[in-house]
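Each remark here refers to the structure printed beneath this line.
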Amino acid sequence: MVSSAKRKRGIVDTLGSGAVETLRLAVPLAKAIPLIGGTVEGSLQAVLYIITVKDEVKMKKEQCQLLAERVVTITSAITTELMKADRATLERRENSVAALRGTLRDIERLLKELGSASLVYRILQRGEVGDKLTLFRQKLDTAIDAFHIAENMRTEDVLSQLLEVIKQEEKKRDISFMH
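Okay, so the sequence shown: first residue is 7 according to my numbering, each after it adds one.
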């Protein structure tokens with residue numbers, strides 16, 4: 007019987023090897039996204055770094071691995087969406103992508119710090135590091151929420167325009183019936 011810890015390690019190991027190869031292929035493709043290609047490319051490079059060093063951290067390993075999984079999940083979903091988006095959508099998403107990239111860079115810096123943390127640092131900063139990891143998880147959740155909110159707003163705009171067209175057509179029809 008496989009223990010839950012081994013299952014978790016297996017999931018993370020699979021995530022690491024498969025995700026690394028996928029990201030290596032995706033990074034050059036990201037440049038092709040109009041307007042925000044450079045930002046997406048930088049985000050993917052940060053994700054690549056995060057998943058390659060996640061096992062090197064010397065404290066809060068499980069939380070760092072879970073955060074790395076979350077980073078990959080969110081970033082891949084957003085990148086896939088951006089690669090299919092039209093120019094107007096990309097313009098609306100520019101700030102959200104930049105914010106996500108900033109969060110990924112912050113996570114990258116923290117993992118670098120944790121990879122070289124001394125024993126004294128690990129003892130003294132244990133609670134603060136846990137708080138930072140929680141904050142980063144929340145920022146990632148906010149990033150995906152921002153993309154969903156933007157998409158919902160776009161859908162509402164399209165529905166409003168459609169409703170307006172329907173109303174105009176009904177008015178035309180009513181006028182033609184009157185004559």
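All C-beta atoms, glycine included, are put in the ideal place defined by N, C-alpha and C.
(message) Excluding the 5 residues flanking residue 77 on each side, which residues of the same chain have their C-beta closer than 6 Å to its C-beta?
(response) Here the question's residue 77 lines up with position 71 in the sequence shown. The residues are 53 and 56.
(request) Compare the Cα-Cα distances from residue 107 to each of 35, 149, 32 and 179 and report the closest residue. (result) Along the sequence shown, one-based indexing puts residue 107 at 101. Closest option to residue 107, Cα to Cα, is 149.
(request) For residue 82, name the three-state secondary structure that DSSP assigns. (result) In the sequence shown, counting from the first residue as 1, residue 82 sits at position 76. Three-state DSSP puts residue 82 in a helix.
(message) Using 9 Å as the threshold, is the C-beta distance between residue 47 and residue 33 below it?
(response) What you label residue 47 is simply residue 41 of the sequence shown in a count that begins at 1. What you label residue 33 is simply residue 27 of the sequence shown in a count that begins at 1. Yes, they are a contact pair.
(request) Alpha carbon to alpha carbon, how far is residue 94 from residue 142? Give it in angstroms, no decimals. (result) Translated into positions along the sequence shown, residue 142 becomes position 136. Translated into positions along the sequence shown, residue 94 becomes position 88. Their Cα atoms are separated by approximately 29 Å.
(request) Mark residue 179 as exposed unless 16 or more other C-beta atoms lie within 10 angstroms of its C-beta, in which case mark it buried. (result) Residue mapping note: residue 179 aligns to position 173 of the sequence shown, counting from 1. Exposed.
(request) Closer than 7 Å by C-beta to residue 8: which residues in its own chain qualify, once you throw out the five before and the five after it? Chain order, please. (result) The count along the sequence shown starts at 1 and reaches residue 8 at position 2. Residue placement at residue 8 is flagged as unreliable, the pLDDT there being 41, under the threshold of 50; a coordinate-derived value is accordingly withheld.
(message) Tell me the DSSP secondary structure of residue 66 in three-state form.
(response) For this step, residue 66 is matched to residue 60 along the sequence shown. Three-state result, residue 66: coil.
(message) For a quick check, are the C-beta atoms of residue 183 and residue 99 less than 9 Å apart?
(response) To locate residue 183, count along the sequence shown from 1; it is residue 177. To locate residue 99, count along the sequence shown from 1; it is residue 93. Contact flag unset, no.
(message) Please list the terminal residues of the continuous alpha helix (DSSP H) segment that includes residue 113.
(response) Within the sequence shown, numbered from 1, the residue matching residue 113 stands at position 107. Residue 113 -> alpha helix (DSSP H) spans 93-121.
(message) Looking at the secondary structure, which residues open and close the alpha helix (DSSP H) in which residue 57 lies?
(response) Taking the first residue of the sequence shown as position 1, residue 57 is located at position 51. It spans 43-59 - the alpha helix (DSSP H) in which residue 57 sits, taken as one unbroken run.
(message) I'd like the list of long-range same chain contacts for residue 31, defined as Cβ closer than 8 Å, with 5 residues on each side in sequence excluded.
(response) Translated into positions along the sequence shown, residue 31 becomes position 25. Contacts found: none.
(request) State the Cα-Cα distance for the pair residue 144 and residue 171, rounded to the nearest angstrom. (result) The residue labelled residue 144 in the question sits at position 138 within the sequence shown. The residue labelled residue 171 in the question sits at position 165 within the sequence shown. Going by the C-alpha atoms only, they are around 40 Å apart.
(message) If I measure Cβ to Cβ from residue 104 and keep anything under 6 Å in the same chain, skipping five residues before and after, which residues do I get?
(response) As a position in the sequence shown, residue 104 is number 98, starting the count at 1. Same-chain partners within the cutoff: 45.
(message) If you reduce the DSSP assignment to three classes, tell me which class residue 11 lands in.
(response) Locating residue 11 in the sequence shown gives position 5, where the first residue counts as 1. Any reading at residue 11 must be qualified, since the residue scores a pLDDT of 47, below 50, and its modelled position is unreliable; the value itself is stated next. Residue state, collapsed to three classes: helix.
(request) Kindly indicate which three-state DSSP category residue 152 falls into: helix, strand or coil? (result) For this step, residue 152 is matched to residue 146 along the sequence shown. Residue 152: helix per DSSP, three-state reduction.
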